[in-house]
Structure formats: C-alpha cells, structure tokens
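4 protein chains.
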Amino acid sequence: MHTQHFFTLLASCPDRVGIVARVAGFIAEHHGWILETSHYADADTGRYFMRIDIKADSLPFHLAEFRRLFAPIAEALQMDWRITDSAVRKRVVILVSRQEHCLYDLLARWQSKELQVEIPCVISNHLDFKGFVEWHGIPFHHIPIGTDTKKEAYAEIQRLYEEVKGDVMVLARYMQIIPPELCEAYPGRIINIHHSFLPSFVGARPYHQAYQRGVKLIGATCHYVTAELDAGPIIEQDTVRIDHGDSVHDLVRYGKDIEKTVLARGLRFHVEDRVLLNGNRTVVFR
Amino acid sequence: MHTQHFFTLLASCPDRVGIVARVAGFIAEHHGWILETSHYADADTGRYFMRIDIKADSLPFHLAEFRRLFAPIAEALQMDWRITDSAVRKRVVILVSRQEHCLYDLLARWQSKELQVEIPCVISNHLDFKGFVEWHGIPFHHIPIGTDTKKEAYAEIQRLYEEVKGDVMVLARYMQIIPPELCEAYPGRIINIHHSFLPSFVGARPYHQAYQRGVKLIGATCHYVTAELDAGPIIEQDTVRIDHGDSVHDLVRYGKDIEKTVLARGLRFHVEDRVLLNGNRTVVFR
Amino acid sequence: MHTQHFFTLLASCPDRVGIVARVAGFIAEHHGWILETSHYADADTGRYFMRIDIKADSLPFHLAEFRRLFAPIAEALQMDWRITDSAVRKRVVILVSRQEHCLYDLLARWQSKELQVEIPCVISNHLDFKGFVEWHGIPFHHIPIGTDTKKEAYAEIQRLYEEVKGDVMVLARYMQIIPPELCEAYPGRIINIHHSFLPSFVGARPYHQAYQRGVKLIGATCHYVTAELDAGPIIEQDTVRIDHGDSVHDLVRYGKDIEKTVLARGLRFHVEDRVLLNGNRTVVFR
Amino acid sequence: MHTQHFFTLLASCPDRVGIVARVAGFIAEHHGWILETSHYADADTGRYFMRIDIKADSLPFHLAEFRRLFAPIAEALQMDWRITDSAVRKRVVILVSRQEHCLYDLLARWQSKELQVEIPCVISNHLDFKGFVEWHGIPFHHIPIGTDTKKEAYAEIQRLYEEVKGDVMVLARYMQIIPPELCEAYPGRIINIHHSFLPSFVGARPYHQAYQRGVKLIGATCHYVTAELDAGPIIEQDTVRIDHGDSVHDLVRYGKDIEKTVLARGLRFHVEDRVLLNGNRTVVFR
C-alpha cells in the first residue's frame, strides 16, 4: 500500500468492451497518476468491478470537479460509483459489550495510526470499558438494552450515530441482535464479527456448537449485518486448529485471537474502500 | 514418530485415580520400554483415553500373552481396549470414482512406504484408473452402480472387502452415498473425504454452495461414515483461502489439494491406531 | 480464472502517467474484450508491471498482427513485453531423482488437465520411475550423473531440452546442483523446489538443519534457479507446523506435502504467465 | 485445559524402563488424581521429559511434603524436576519500547484473566505508555538506555526485577540488545519476540531484509534470550502470507499481528509450565 494522498474511484457496471480504456483515458487526459488498480469481472452476472487509486496532486482539480467531469462517462457506462479522498478519515462508531479483546485491539491500531480512522464514540450496554475508552480521549455512551427498552435504546444508538456523522458501525463482540429496521437503514455500513466460520454455527453459543460437533478447526467471520441473522455478505474469515483436548473454554480463548484479527482486517478493507457488494457476496480488492 | 517394532495399546475407561499407575506398572513389571504415551480425560463425560507404544522386543512375550495377562487389569478398570502390532500392516480397500487426485496421492505414499499399509484392492464404479492401479500391481475391481443394481453392487463390495480381509475402507472421492446397512456394518472403519468444511455445505456440490454463500475460505473434512449423511465423527479438517475472483472451477482446483492432504492425514492417524471414538467425536493422538 | 481462449499480455516499463490508458485504449480500439487485468507499481524502483488477458475471438487479428500493431506503443513506453496464446501449451521438461511425491503430484495434475501443459519428457539420474512415467505415455530419459561425467550429462540434458523445444525445466526434487552455465543459459526458465523456507537452511539436508535449530514450523520454497545456490527469485513458499516430538523422519514426511503443493502452485503461476522478474524478486499476479 | 486447582510436575531424566510406572505409582499411592499428562522421549539424546497435572485437593498433603516424599524417587531416576502450584501466579515483568501492539495485547489478556499472571511492573526506555500502563493500576518505570549509561540502566532493571520477585522477563518489542551478563543471569527466564521467522533475518530490520529477499511469507519467533543474538531456544513461531504488492510498511503491519499472537502463546506456554529446555531446543507440552 502507498502512503501518499490519493483519491479512490470505486465502481461497478455491466461488463463490456472498453471500460478500462474509457476510465483510464479520462484519468490520463487530466494527467492523473494511477497508484494502484484492481478489476474483477463476474462471469456469471456479467458485472464489472473496479478500484483505482489516483495520486491527488497529479490531478488539476479536486473531488467536486472530478465528479462533475466524470459523471457523463459513468452514466454512459451505467456505473454505480463513488470517489473518496484518503485525507478524509472514515468515522467509526464502535459498539461493545463486556468482552475486551476486539476493543483493545482496535484502539491499539487506532492509537498507533495503523488504522487511520476517527472514532467519534464508543457505545456499550455495560460500563466495564468506560474508563478505558475515556482514557484514550474517546467519548463513551452507556446505553443499556432492557427487555422493555430495546426500541428506545436502538433509537438512541441511531441518533448518536447520526449525530457524530458515523460512516460505519462496528459490532466489536456486541452480543446483541440488531433490530431489522436498523440493519436496513444502513446496508453495507454495519460490520459484525461472528465467532464461527459461517455458515456453520449460526446464532448463539457457536463455540459450544463447534465443541459438540467435534470439528478440528474453529473460525471467525467478519460480515455486513443484514436483517437475516448471520447471513449478510462476508468480508473476511479465518480459522485456527484445535484438538480433542480443548474444552469450550479453550475454544473461546483460541477464538478471540482470530476474532480480533479478522475484524481488524475486515474493517481495514472497508475503511480503505476495498469492498464492493456483489449481491450477497463481496468483492474485496486487497 | 519412532521407527522401531512396537505394540500399541489403545484404551478408554471411566476416569479414576490410579489408571496410569496400574497400566504403566504392568508394563514396567514386564520390563516394557515405553516409546510414546498420550492421555486424555474428557471432563464432561468422565471418560479417560490412552495410547501407549511399547518397544516390542523389550517385552518377554508376544501379543497373545500380553492380552491374557493384561485382561484382568482391563476388566478391573472397565476398559474398552485393544493392542496392535506395528509389524502387522492394516489392509486398506480404496473406493474411487473418476477423480484422480486422492488416488494418485495415496498410491504415491504407499509406493514410497510413507504410508505403511497393504492395499489388497481398489474398487471403482468406472474404468478410468484400471490401468493405473494395475500398473502398481494392485488388483482393480470394476463395480458399476446402476439405479437398479445398487443393492447387488454394495453386496459385492462388502463381499470383496471381507474376502481380502479389509481393515478399513477409504472413499477416495467415491462420490456415491453408501447405504446405511453398510455404514452400520463397519462403524469406525469406513473413512470418507468430504469436500467442504463440515458442518458447512453438507451433501451435493459443496463448492457450488460455498461459491454462492461467498465464503473466503473453503475446506475439506475426513470423517468416519455413519448412516446419517456427512454427520459422522470428524478425524481431520483443513481450510484454504480463496477470494472473490475464484470461480467454482477454481474452488474445485484449490479444494483438491486440501482434500488429498486431509484424507492422507486422517487415514494415517487411523492406520497408526491414533484415533479413538468419543461418542460422535474423535480423540486423535497425533 | 476464466476458461475461454485468450491472449495474455505481460509487460513492464518505467512508471508514468497514461500507461493503462494507452494500452487499454489500443485494446478497446480493436474491440478487445478484457477478461482479467493486474497491475503493480514498484515505488522503490519506479517500475510498472502489468498483465492483461484478452478474449481471443474479440480481436480481429491474431498474435502476429497484435505484435506488429502494438510494437510502436511498447517502444514509446520502453516496455519489456510479450504476448502469449492460451491455446499454445507450455512444454515442461521434468527432472527427477528417486523421490516420488512431486512427480506423482505433477502427473496427476497433468492427467486431469488441471495443469494444462505438455510434458515432452521426464529426465532422471535413476531408473526408479521409468515404468511409471512411460505408463503415462511420456518418454523417459535416464541420464546418470557420475563424478567424471557431469559435464557430458548436463550437455545431454540441455540437448534434450532443446530438442523437445522445452519452455521450462522443473527440478522436481532432482537433488543435483545444476552447473552455472546451464542456469545462465535459461534465466527465469528453470524452476526448483527447495525443501526449506528460504533463506533459512540453504544447501544440503535442510530438514536436519531445521531439526537441530529447533524451529516450530518447516517450509518449502519454489524458486527460479540461478548460479548462486538457493538464492534465485522466489515464486512461492509455504510452511507447516511441527513440534518437539517430530523426528527428522517426520519433518521429511510433513515437508513432502508442502513441497509438492508449493511446486505445483509455482509452476502453475509460471505456465499461466503470471510471474514477472523484478530484479531478484518476483511479481506474481495470482 | 482444566480450570481446577492443580499441581504441575515437570521433569526430565535419562530414559529407561519404568519411569512412568514409578512416578504414576507414587501419585496413585497418595490417591492423586491425574488431570493431564504429557511425555516425550528424545531418541537422539536418550533423555525423557514429562509433565503431569495433579488435582490439588486429591492429595493429602501440600507441595512441601510432596517435594520431601518425591525426592528419593527423583534422585533414583536422576531427575531434573520441579513442582508448581496453579494457585501461585507467575510474576511477569514486561519491558517495552515505543511500539504498542504487544503491550496492548498482553494487558488485554491479563485484564480478562485469560493470561493468569501478576504484572508487578512495566519497564520502558520511553515514556509513551506511562499513562496507559498506570491506568491499569500497574507501576511503570522509565529507564532510558543512553550510550554511556547502559551498564547502570541494566543494573537498575535487574534490581527492579529482583525487587518485585519477577519469575520471567518479557521483551515485548523492547528493541534493545540485552547485555550477555543479564542473559546469563536468567537462563530460560527472559522471553523475546523477534520479528522474523528465525533463523532467517537475524538482527536489525528483519522486515527490510525480508522485503529485499522477496520472500512470500513473513514470520515471528518467540524465544528465550541467550548471550548470542537471536539464537536462543525457540518456544513458538508463526508465519503470514504477503505478496509482491506489499511494501516494507505493509510487512511491518502484517508482522505485528503475528508478533503479538506468537508472543502471547509463547508466554502462556511458559507461565503454565509447559516448556522444558532440551539443549538449545524446547519441549513444549501444549
């Protein structure tokens, strides 16, 4: 990955002759320097996906003008597209419950600027991490989820997310089921880490399920949240070896290490604009 | 692993104080030299599992006498047990269809004596590998599986397996569903390689299922065959990374590499008497 | 990967504005349908690398005409380039000694057409695999390497390689050191599998070296052969976990599984024109 | 792993007939309940290693009496041995420089009691993590390492380590070379994480070395520190895949994830008394 200031053009459109030529031609015409490009054509659906990083100072204009000038080309190619500025950091709202591993991991990456995002606030249904989060200078909101107050609680979460102008919501082992309305309000913008190798072991207590089935590897899955539980588009997964001697307690412990790594990778792909939705699957330009 | 001539004692029994002392005491009393030992206590079920390799020539007697002398101890401890001789090779009957990768892999390992087994015959519902198998000096039996002749075909397979005194039947991508009666006749003695990371993608065309779900890793599972499809005790599994650019065709190709490796590992564990059944799970003393 | 008939354009040149536009423009102008593209810019050296697959029947001409028409563009961009035809299979000459695993593995892949190459002959300093190779209908040449006859032996190998119009020579655990003159005659065209995770354990008996050092993983490395032993550009590597209980004999056994897989992957990248040399490193467009 | 109160017996001795019988006999005689046992016989050196967990409340006495009663057996078997109490937590002194990932990771594990140790203090040559460490209620000592004050600095570190009765010193990316005298004062008690797959890329800037060599995987190594740089006994290692497109900056980023995981695993093995030295190698009973 390059470390300069750049713009990222993300697009998908029906596949045809001349897409690369048209887009690259436009960039070259304005003396744009291409730093990185990725392409993928889905042979089944006939859809084409692209991601291009352009050195910001090689272009004679800024994003607004890029958008204006590129619009006719995009329209001609029937593109879904967007262009983003690497200098504008995504705003990540983290939701957490009582498990520490993903939260510590994300804050360590944010602290060291490995993960280049803003964290406008952390929201939790418990108070355990209030001090830890605030020590980092990040606002902490305690929103308990009672049986009778669920509706109000999620309304408050949505209000906060809007107020801080969140770009993406991360469920860092939040352990609560997000109501369908919230899922549908932010398609492709709520990221969850599920503690199994989906589609195995959907739902509650996946490590117990894995133990009962006697699998020899366990996994973790980072995915976009949709109204159907644990069925959203998968961004990233990984597995780790276990054996017969490992208790459920051990599975939980091994699992934490891949959960936090898989979530961090998935989130990085998202905030670097490397993920495109392709139906219920994802295109991830690493 | 050691390469000398040895006996392997495999046992499980209710856990209690003094099991190791009793068994090791018996071995020491007869000057038996222990080469390798493994133990596992299942805290949930209170069952204890052990595997001990004893140098053959350190004992003053052979297996029959070992069995006679050890029987009272085993009875006192309520053991399920057996003792095997590393010099007596297991007889592996391979069933194959039209895919070559597992067959080539197993024969290469057999040929180089890495896999120390006898292969009394290979059975197939197709003729593709007749010449290849016979070139290795192994008898090849062609038993087609027609819709109307299934029953007779499996009876013939069972007859052949008994005739050659098979110890284990290996479905090396056999691609046919084994009838329940055959499964139940040989519990823990029929080994299959399933081309998914079970319990994900049970049944037909798992790579197509994996592609549709958009997973980021695919897997393979070596398991004992039971009457319920793809639900038997798992011996070994592994996964490999794929990405959005991989077609079903690519998944099949990547999958072959883990299928053959996982099958070979699982079979080795079995023929080296490293696997014990623990309900529908396995204890694998690597 | 796509399965249609296509041309692959592989090129590298000094990085500058407009390369993609120029090349994609040329292709689009002739109505070429791009199936797959990969790009990489080395920020340290300022060199740009690309690989483009074009559907063969989308172009109005064949390779000779492509070459003629594209030459001025390539010249203007100071390109090292070539274009290949997926219908013309690479000719792979395999050199083998007495270990079977890589040979069986490559022939299984060739047999099933997973590896789409021609194997005009297999050369060995031993006779062990003569029958096995010939059973596949592939000519086998026995060229012993005596202390006094080395020079003649390698001259004969080179003569055979030229005679069968070999595109690439594969040392499938050949276990002999190739003389510098032969290495230099075919830069980027002799592929070796070394049984360690280079640069660890260069030279003889790497598994013994690994055992002595007490490493917890062992590896295998597929690389282009150069005059300096085990120091050529690396195409592919992998590792596998071992533990204190594993003898050198076990390391050899585990190692074989990654050796054959790593060699097969590296060779596939090469024959699919996915590898470009970048000094002593490689660019591998997977 | 079990979660009860237990004692761990760790021992090595010359291999011979009857070791297990003698030790297990002693335990059974006192009604000791064995929770977990591991054994390894090094065929090359003829040395035998064992680790046994005994349920604490199954024995009629405590450690002092165990030691007194077991001593004659240990002497007869020429054992190096020790027995520890799972209720007595190891005291881990962490040394850190300016990189956050290992420190955050270890404190998260300590905080959640996944890593059951005491951390009597953190020592650093920089002030960056003073607030973070102290927020956790752990004393922080700032000991700068100047060119002229090295001797005094390390004397002060040793004094602190002794003062807090440290059991093990962890270099969590401490980035300083420990003087030989300190290494030799605590053999098998100073643990380092090296940011390469040793023995590759010893010394400074291993990621730069890896980038220059063009390897396709990078690694991390957790090892005991000895007077010879990066040459001590290896406890744990792992690797992660990279590709040609990754800059040194990316390698550093990928590397952090395996560094922290490998260090945490190695440290856990150590504090759970799972590691025995076998010359310059380790026996790790997972």
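These protein sequence lines map, in sequence, to chains A, B, C and D. Residue numbering for the first sequence follows the numbering used here, beginning at 13 and increasing consecutively. Residue numbering for the second sequence follows the numbering used here, beginning at 13 and increasing consecutively. Residue numbering for the third sequence follows the numbering used here, beginning at 13 and increasing consecutively. Residue numbering for the fourth sequence follows the numbering used here, beginning at 13 and increasing consecutively. From the three backbone atoms N, C-alpha and C, an ideal C-beta is built for every residue, glycine too.
By the 16-neighbour rule on beta-carbons within 10 angstroms, T161 of chain A is exposed.
Remark: three or more beta-carbon pairs, one from each stretch, lie closer than 8 Å, so the region 127-137 of chain B and the region 99-114 of chain B are flagged as touching. Taking 9 Å as the cut-off between beta carbons, the residues of the region 27-48 of chain D near chain B are D27, R28, V29, G30, I31, V32, A33, R34, V35, A36, G37, F38, I39, A40, E41, H43, G44, W45, I46, L47 and E48, in sequence order.
Cβ atoms of C114 of chain D and E248 of chain D stay farther apart than 8 Å, at about 13 Å. F152 of chain C: member of the beta strand (DSSP E) spanning F152 to H154, first to last residue. Taking 8 Å as the upper bound for CB-CB distance, A184 of chain A and L81 of chain A are not in contact here, some 40 Å apart. Inter-residue distance for M181 of chain B and V35 of chain D is about 41 Å (C-alpha atoms, whole angstroms). With respect to Y60 of chain B, P26 of chain B sits close: the two C-beta atoms are nearer than 8 Å.
With a threshold of 8 Å between beta carbons, H261 of chain B makes contact with chain C.
Of all alpha-carbon atoms in D:A216, D:G244, D:L210 and D:A23, the one lying nearest the alpha-carbon of R79 of chain D is that of D:A23.
Using a CB distance cut-off of 8 Å, A53 of chain B counts as an interface residue toward chain D.
Not a single C-beta of chain D is nearer than 8 Å to the C-beta of P199 of chain C. Taking a beta-carbon distance threshold of 8 Å, S70 of chain B counts as an interface residue toward chain D. In terms of beta-carbon proximity, G226 of chain D lines the interface with chain C, with at least one pair separated by less than 8 Å.
The C-beta distance from H148 of chain B to Q123 of chain B rounds to 7 Å, short enough to meet the 8 Å contact threshold. Here the C-alpha atom of K163 of chain C lies approximately 12 Å from the C-alpha atom of I155 of chain C.
Distances from the CA of H51 of chain D to each of D:I31, D:T251 and D:E41 were compared; the closest alpha carbon is that of D:I31. With respect to chain D, the C-beta atom of I246 of chain C has a partner C-beta closer than 8 Å. Cβ proximity to chain C below 7 Å picks out S212, R225, G226, V227, K228 and L229 from the region 212-243 of chain D. With respect to the C-alpha of Q111 of chain C, the residue from C:K125, C:R201 and C:G267 having the closest C-alpha is C:G267. Judged by DSSP secondary structure, G158 of chain D falls outside any beta strand (DSSP E); it is assigned neither H nor E. Judged by their CB atoms, D65 of chain C and T96 of chain C are not nearer to each other than the 8 Å cut-off.
Fewer than three pairs of CB atoms, one per stretch, sit closer than 8 Å, so the region 283-293 of chain A makes no contact with the region 251-262 of chain A. Under a 10 Å Cβ-count criterion, G231 of chain B is classified as buried, with 16 or more other Cβ atoms of the shown protein chains found around its own Cβ. In the three-state DSSP reduction, P26 of chain C falls in the strand class (E or B).
For the region 146-162 of chain A, residues whose beta-carbon sits nearer than 8 Å to a beta-carbon of chain D comprise W147.
Scanning chain A for C-beta atoms nearer than 7 Å to the C-beta of Q90 of chain B yields nothing, as the closest lies near 21 Å away. Among the residues of the region 111-132 of chain A, those with a Cβ less than 9 Å away from any Cβ of chain D are Q111, E112, H113, L115, Y116, D117, L119, A120, R121, Q123, S124 and E126, in the order of the chain. For the set B:I205, B:S212 and B:G178, the Cα lying nearest the Cα of Y198 of chain B is the one of B:G178. Remark: C-beta atoms of V296 of chain D and V283 of chain D do not approach each other more closely than 8 Å. Excluding residues up to 5 positions away in sequence, A165 lie with their Cβ nearer than 8 Å to the Cβ of G158 of chain C in the same chain. The beta carbon of R293 of chain D sits closer than 8 Å to some beta carbon of chain C. Per DSSP, Y198 of chain B is not a residue of any beta strand (DSSP E), being assigned neither H nor E. Scanning the region 54-137 of chain B for uninterrupted alpha helix (DSSP H) segments of 4 residues or longer gives 75-88 and 113-123, listed from N- to C-terminal end. Close CB contacts of R121 of chain A within its chain, under the 7 Å cut and outside five residues either way in sequence, are with L127 and A276 (chain order). Here DSSP, grouped into helix, strand and coil, assigns L21 of chain A to strand.
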